[in-house]
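Number of protein chains: 2
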Amino acid sequence: MAPLCSLLFNTAVIYLCLILKGVICKDTSAINKQIEQVYEYQDIANKIINFTTIGKGKGQVYTRLADFVDTFGSRIAGSKNLENAIDYMLNTMKKAGLENVHGENVTVPHWVRGNESATMLEPRHYKIAMMGLGSSIGTPEQGLTAEVLVVHSFDELTKKADQAKGKIVVFNQGYEGYPTSVAYRDYSAKETAKVGGVASLIRSVASFSIHSPHTGWQDYDDNIKKIPTACITVEDAEMLDRMANRGTKIVIRLKMDAKNLPPVTSRNTVAEIRGSKYPDEVVLISGHLDSWDVGQGAMDDGGGAFISWQALSIMQQLGLRPKRTVRAVLWTAEEVGLVGSQQYYQRHKVNISNYDFVMESDMGTFKPYGIQFKGSQDATAVMKEVVSLLSSINATTLSDDPEGGDVSFWIQNGVPGGSLLNENQRYFWFHHSDGDTMSVQSSYEMDLCVAVWTVVTYVIADLDEMLPR
Amino acid sequence: MAPLCSLLFNTAVIYLCLILKGVICKDTSAINKQIEQVYEYQDIANKIINFTTIGKGKGQVYTRLADFVDTFGSRIAGSKNLENAIDYMLNTMKKAGLENVHGENVTVPHWVRGNESATMLEPRHYKIAMMGLGSSIGTPEQGLTAEVLVVHSFDELTKKADQAKGKIVVFNQGYEGYPTSVAYRDYSAKETAKVGGVASLIRSVASFSIHSPHTGWQDYDDNIKKIPTACITVEDAEMLDRMANRGTKIVIRLKMDAKNLPPVTSRNTVAEIRGSKYPDEVVLISGHLDSWDVGQGAMDDGGGAFISWQALSIMQQLGLRPKRTVRAVLWTAEEVGLVGSQQYYQRHKVNISNYDFVMESDMGTFKPYGIQFKGSQDATAVMKEVVSLLSSINATTLSDDPEGGDVSFWIQNGVPGGSLLNENQRYFWFHHSDGDTMSVQSSYEMDLCVAVWTVVTYVIADLDEMLPR
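Protein chains in written order, with this note's numbering: chain A, 1 to 469; chain B, 1001 to 1469.
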């Protein structure tokens, strides 16, 4: 090797080593510094927890949510009722002195249920409890009367395709967990139409039932004929299945006035506590304000929306203003396909580098265990310390796989994201049914959720640096 | 003491001692003999248990009950449907070769629900889920519209008597166990009428709710004005309570077509296996065949009626004919006030000395633990040994305080009586609601109940002596 070459090589190696050292040391020290900074928040965390669970904030969120859902009831996208509820939230949050309170327009689907019924005419006269599925078309005015074919899966339907023509297909698909079984709510209509069926009735996607239908959105395929579709109770699906097993001929008359009207304008509801130092950097917390048109939407997702509002309210009441802006967004039109959050993402994604951390709570506000989190290894290390601040209320678990939902667009594009880990084993007992009311909520447990939501949000928003990506 | 006197005294003492000895020795030896005899039934008990739970009898009772309730649905007293169901049972049991199968006429009340609704008009329009209570009168055709007074107890109603005039009184009475809380279903109408209220709505008497109303019989007082009365869901009672607490004016329009029609003739359904040695002596097992006019009446009391039929069926299939007659009685019109069983008692009480043992199952046919029993100390000692024959299925518990119900008339008059001790903690989740369907029943658990019912019945009916009183 020539001397010049050797010199250049050695210099390059030295520089490379220095660069690598710089990267490694800088990273390690930055994360350690951030983790050490988190420790300093234990007093503030305790202050938030005490204020929320035994202090002046105790019971506030439950009372506020009860006032809200009792006043407005259910709030489906497209309804005047949802817009009135949004107006109420905007006015209430403005009056309370939150900052930058405003609505952001969203174009949303407008499906209306109308009157509906399913009557078994053979082997005996029986009124079947049912609910049309969101986006379903209606039946002819006189209803639609047809013999029933009962199946347990799409595979079975395919095998029995020659028996399906002209039939109402009943899916008694069992329950294998929501993410799996919801496919029958989503696709039963199009799969039934493919084989010539005239309507589909699915067993409600619920883990337990006391004769409640559980509605939800469903998806047509534009290339396949649209047919009416509804859910029935677990109990009736099982009865029809037993009847079919005995070889009994079953005839049902289905009547649905359901209509898909032109889209209307709704709003995402936004409120903030502006950051003291980096007001353009944002920690976003959220839940959705719309619900199905049954029950009160107290659990899905009144709870999630209201702990997000309440986190701002607690900071305000305690005079806590973090360095970064905390923004609560109460999404509209989640139930009809994440419509509000999707349009929000499209509008704001240009500023994605300013989004420090995004969260949604949409899987219950029962007893909290901690946070479900997705982020880099470094961000996870920091978050682990953040939830450790919640040891006095036993909510220190950091698990992976946050629900995503309305904030999934941000998480998929690299923003650290979280959701509320809580004791929600009974969530699908009530989900999308008349059973979703204040009676499933506990004031005490909601306070604990608020404490978790507020501590995590405030600390992340107040750290010197944004969470590492 | 004179010699004669002394002689007489000593003789008297000796006789008294002999008599006492005779009584004591005779009793003790008789009971011991009966207990020893019970031990000899372990092989037969095992045979019954095996046949019912893993043999040819496995699943029979569930299948039979499902066929029955799917075919007839709910079966309220006074309805044609109940009489059709009774005909079906008589025909089926005759065809199966059971003995002395017959109906015994009973005069029963004939209440019909008709259309009904409760609509909240203020503070917002909301359809309240409701069910009229049995025996309630209807409202005027155009309905009855009135402001609401919410109370939590009869005491509170008394205190607020001056606010009740012209109001619909809503009772949000909490749940303190069925025997206590059912008082509000029974008496809310008459207590409301006393203070000038125009109708009463009670919180359903249920230990858990997913927005289900739970109906049931209610009692007017002939000296107090009759007003319409209905149940609403736990959730809605709590909502109305919260609204009232806020000082919100609530107005409800109640519409009920309910009618009390003239009594009609129904039947208790009777079937037997005649005793081989003492055919006039009877072990009576029972459940009721009528139900409320909602749900399927699968739990209340299809299960109890069908394990009683099935006990006969199992004996028949195994060729077991006990010394005494085993009589299954499937009561009519239990739900409207133990009407069928009361008339049966009046007709048959002349033979009460021939009734060895009476049982009813009307509190669920879930996983059995044993028998609830009431009888003399001696009878209890014998029964304890009888249930010990059930150790292979862990159903050896003998507890006191049987439910009574339809067989209470016999028990109150000294006949040893029992009921099924079972894992019925969720019974009042489904009771008298649309949730009472086959979906709450388990084929496996019903087989276990049949095994308990059959072993206990057969052994008692086959002992050399009747149970001591």
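All C-beta atoms in this analysis are idealised placements derived from N, C-alpha and C, irrespective of residue type, glycine included. Here the structure is a predicted model, which is why all the values come from computation and not from measurement.
From B:E1465 to B:M1359, what distance separates their C-alpha atoms?
By one-based count along the second sequence, residue 1465 of chain B stands at place 465. By one-based count along the second sequence, residue 1359 of chain B stands at place 359. Between B:E1465 and B:M1359, the C-alpha separation is close to 18 Å.
So A:L289 and A:T269 are supposed to be a Cβ contact under 8 Å. How far apart are they, rounded?
Translated into the one-based positions of the first sequence, residue 289 of chain A becomes position 289. Translated into the one-based positions of the first sequence, residue 269 of chain A becomes position 269. Confirmed, Cβ separation roughly 6 Å.
Give the single residue among B:T1028, B:E1036, B:V1106 and B:I1044 whose Cα lies nearest to the Cα of B:Y1318.
Counted from its first residue, the second sequence places residue 1318 of chain B at position 318. The question names Tyr, yet the displayed sequence has Leu at residue 1318 of chain B. Out of B:T1028, B:E1036, B:V1106 and B:I1044, B:I1044 has the C-alpha closest to the C-alpha of B:L1318.
Three-pair Cβ contact test at 8 Å for the region 1399 to 1408 of chain B versus the region 1417 to 1426 of chain B
yes
Assign A:A206 to one of three DSSP states: helix, strand, or coil.
Locating residue 206 of chain A in the first sequence gives position 206, where the first residue counts as 1. Three-state DSSP puts A:A206 in coil, outside helix and strand.
According to the neighbour-count rule (16 or more other Cβ atoms, all chains shown, within 10 Å of its Cβ), is B:E1036 buried or exposed?
As a working mapping, residue 1036 of chain B is identified with position 36 in the second sequence. It counts as exposed.
Could you give the DSSP three-state label for A:R426: helix, strand or coil?
Numbered from its first residue, the first sequence carries residue 426 of chain A at position 426. Coil at A:R426, not helix or strand.
On the premise that B:A1199 lies in contact with B:P1228, defined as a C-beta separation below 8 Å, what is that separation, rounded to the nearest angstrom?
By 1-based counting over the second sequence, the position of residue 1228 of chain B is 228. By 1-based counting over the second sequence, the position of residue 1199 of chain B is 199. So it is a contact: roughly 5 Å between Cβ atoms.
Neighbourhood of A:P468 by C-beta, 6 Å cutoff - its chain only, sequence neighbours within 5 removed:
In the first sequence, residue 468 of chain A corresponds to position 468, counting from 1. Counting only Cβ-Cβ distances below 6 Å, and skipping sequence neighbours, we find S376, D378 and A379.
Could one say the Cβ of A:A311 lies closer than 7 Å to chain B's Cβ atoms, at least one of them?
The sequence position of residue 311 of chain A within the first sequence is 311, counting from 1. No, no contact with chain B.
From what residue to what residue does the alpha helix (DSSP H) around A:V463 run?
Along the first sequence, one-based indexing puts residue 463 of chain A at 463. In the sequence as displayed, the identity of residue 463 of chain A is Leu instead of Val. That residue, A:L463, is in no alpha helix (DSSP H); it is neither H nor E in DSSP.
For A:D70 and chain B, any beta-carbon pair shorter than 7 Å?
Reading the first sequence from its first residue, position 70 is the one you call residue 70 of chain A. Yes, contact with chain B.
Beta-carbon proximity of A:A66 to A:M438, cut-off 7 Å
In the first sequence, residue 66 of chain A corresponds to position 66, counting from 1. In the first sequence, residue 438 of chain A corresponds to position 438, counting from 1. Yes. Within cutoff.
Nearest chain B C-beta to A:D241 closer than 7 Å, yes or no?
To locate residue 241 of chain A, count along the first sequence from 1; it is residue 241. No, because no Cβ of chain B sits closer than 7 Å to the Cβ of A:D241.
Going by Cα to Cα distance, which pick from A:D186, A:N354 and A:K165 is closest to A:S136?
For the purposes of this step, residue 136 of chain A is taken as residue 136 along the first sequence, with counting starting at 1. Considering only alpha carbons, the answer is A:D186.
Suppose you measure from the CA of B:V1386 to the CA of B:Y1369; what does that come to, to the nearest Å?
Counted from its first residue, the second sequence places residue 1386 of chain B at position 386. Counted from its first residue, the second sequence places residue 1369 of chain B at position 369. Answer to the nearest angstrom: the Cα atoms are 13 Å apart.
Whole-angstrom C-beta distance between A:L284 and A:H110, which should lie under 8 Å
For the purposes of this step, residue 110 of chain A is taken as the residue at position 110 of the first sequence. For the purposes of this step, residue 284 of chain A is taken as the residue at position 284 of the first sequence. That belief does not hold up - the Cβ atoms of A:H110 and A:L284 are roughly 27 Å apart, past 8 Å.
Does the region 1348 to 1368 of chain B touch the region 1126 to 1134 of chain B, meaning 3 or more C-beta pairs lie closer than 8 Å?
no
Taking Cβ-Cβ distances shorter than 7 Å, what residues in chain B pair up with A:Y175?
Position 175 of the first sequence, counted from the first residue, corresponds to residue 175 of chain A. Ordered by position in chain B, no residue passes the 7 Å Cβ test against A:Y175, which lies about 12 Å from the chain.
Chain A residues whose Cβ lies nearer than 8 Å to that of B:R1124:
Within the second sequence, numbered from 1, the residue matching residue 1124 of chain B stands at position 124. By Cβ distance, chain A contributes T71, F72 and G73.
Name the two residues that bound the continuous alpha helix (DSSP H) containing A:R64.
Here residue 64 of chain A is taken as the residue at index 64 of the first sequence, counted from 1. That run of the alpha helix (DSSP H) goes Q60 to F72.
Can you name the residues that DSSP bridges to A:N105?
Counted from its first residue, the first sequence places residue 105 of chain A at position 105. Paired residues: A:R267.
As an exercise, report each continuous beta strand (DSSP E) stretch of at least 3 residues that is fully enclosed by the region 345 to 389 of chain A, in chain order.
355 to 360 and 368 to 374
With a threshold of 7 Å between beta carbons, is B:S1079 in contact with chain A?
Indexing the second sequence from 1 puts residue 1079 of chain B at position 79. False, the Cβ-Cβ gap to chain A never drops below 7 Å.
Could you tell me whether the Cβ of A:T437 comes closer than 7 Å to any Cβ of chain B?
Reading the first sequence from its first residue, position 437 is the one you call residue 437 of chain A. For A:T437, the answer is yes, since a Cβ of chain B falls inside 7 Å of its Cβ.
Could you please tell me which residues of the region 1417 to 1436 of chain B, in chain order, have their CB closer than 8 Å to any CB of chain A?
W1429, F1430, S1433, D1434 and G1435
Alpha-carbon spacing of A:S443 relative to A:G59, whole angstroms
In the first sequence, the residue the question calls residue 443 of chain A occupies position 443. In the first sequence, the residue the question calls residue 59 of chain A occupies position 59. Cα to Cα, the separation comes out at about 6 Å.
Just to confirm my understanding: we take A:V170, look at its own chain, exclude 5 residues before and 5 after, and list those with CB closer than 6 Å. What are they?
Position 170 of the first sequence, counting from 1, holds the residue named residue 170 of chain A. Excluding sequence neighbours, A:V170 sits near V148, V150, L201 and L240.
Run through DSSP, which three-state label would B:D1222 get?
Working through the second sequence from its first residue, we reach residue 1222 of chain B at position 222. If DSSP states are grouped into helix, strand and coil, B:D1222 belongs with coil.
Tell me the DSSP secondary structure of A:P279 in three-state form.
On the first sequence, residue 279 of chain A is found 279 positions in, with the first residue counted as 1. In this structure, A:P279 counts as strand in the three-state DSSP scheme.
Any Cβ of chain B within less than 7 Å of the Cβ of A:S442?
Within the first sequence, residue 442 of chain A is the residue found at index 442, counting from 1. Not one chain B Cβ lies under 7 Å of A:S442.
Using a Cβ-Cβ distance cut-off of 7 Å, determine whether B:S1200 contacts chain A.
Here residue 1200 of chain B corresponds to residue number 200 of the second sequence, with the count starting at 1. It does not: the Cβ of B:S1200 has no partner Cβ on chain A nearer than 7 Å.
Using three-state DSSP, classify B:S1212 as helix, strand or coil.
On the second sequence, residue 1212 of chain B is found 212 positions in, with the first residue counted as 1. In this structure, B:S1212 counts as coil in the three-state DSSP scheme.
For A:H211 versus B:G1216, is the C-beta distance shorter than 7 Å?
On the first sequence, position 211 is the one that residue 211 of chain A refers to. On the second sequence, position 216 is the one that residue 1216 of chain B refers to. Cβ atoms of A:H211 and B:G1216: not closer than 7 Å.
Completely contained beta strand (DSSP E) runs for the region 137 to 185 of chain A, where each covers 3 or more residues:
144 to 151 and 168 to 171
Within the 7 Å Cβ cut-off, does A:A66 reach chain B?
Stepping through the first sequence from its first residue, residue 66 of chain A is reached at position 66. Yes, contact with chain B.
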